[in-house]
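*Asks:* In this note's numbering, the protein residues as written are 10 to 168.
We put the beta carbon where it would ideally sit given N, CA and C, even for glycine.
Once you've had a glance at the structure underneath, I'll fire off some questions.
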């Protein structure tokens, strides 16, 4: 049995502009999920643990160039837990809208606006695929869901 000695809080954001969602094609150099498609996000820094919203806004800006004033309706919709090696990974997933499609490219991967009809044609991170399927079925809700990731097949629980 593996011992969990560490926690790694992370965030992820899916930003919409009309029917398009901003996704990143993760670089081949990435240790976790290289060459897969995802929302934007990253690790939550130690001083940000008390302000998850500030952490996701920082990541959005760093990875896309989009600033807080260009984002509307940003809300936490999912918290996903996963055990990997000696870490408990906590992923806080936000959904929101943006008033701009202007983005910058960074070394994290290639950013692209993806039409709703093409989301599932991309090689998504498996958990993200399941989460987006769930989100589409519950898009009009404001409920936050907890996901426990068991072998890339999350179980959703309302919080």
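In angstroms with no decimal places, state the Cα-to-Cα distance between residue 55 and residue 118.
*Replies:* About 24 Å.
*Asks:* So the beta strand (DSSP E) residue 44 belongs to, where does it begin and stop?
*Replies:* First-last for residue 44: undefined, no H or E at that position.
*Asks:* Check whether the Cβ atoms of residue 98 and residue 16 lie closer than 9 Å to each other.
*Replies:* Going by C-beta atoms, residue 98 is nearer than 9 Å to residue 16.
*Asks:* Assuming residue 103 and residue 85 make a contact with CB atoms under 8 Å, what is their CB distance in whole Å?
*Replies:* The Cβ separation is near 6 Å, so the contact holds.
*Asks:* Buried or exposed, going by whether 16 or more other CB atoms sit within 10 Å of the CB of residue 151?
*Replies:* The residue in question, residue 151, is exposed, as its Cβ has fewer than 16 Cβ neighbours within 10 Å.
*Asks:* Provide the residue span of the beta strand (DSSP E) that contains residue 65, from first to last.
*Replies:* Where residue 65 is concerned, there is no enclosing beta strand (DSSP E), although the alpha helix (DSSP H) it sits in stretches over 61 to 73.
*Asks:* Judging by CA-CA distance, which residue of 165, 124, 142 is the nearest neighbour of residue 29?
*Replies:* The candidate whose alpha carbon is nearest that of residue 29 is 124.
*Asks:* Use the C-beta contact count for residue 31: other C-beta atoms within 10 angstroms, 16 or more gives buried, fewer gives exposed.
*Replies:* By the neighbour-count rule (16 or more Cβ atoms within 10 Å), residue 31 is buried.
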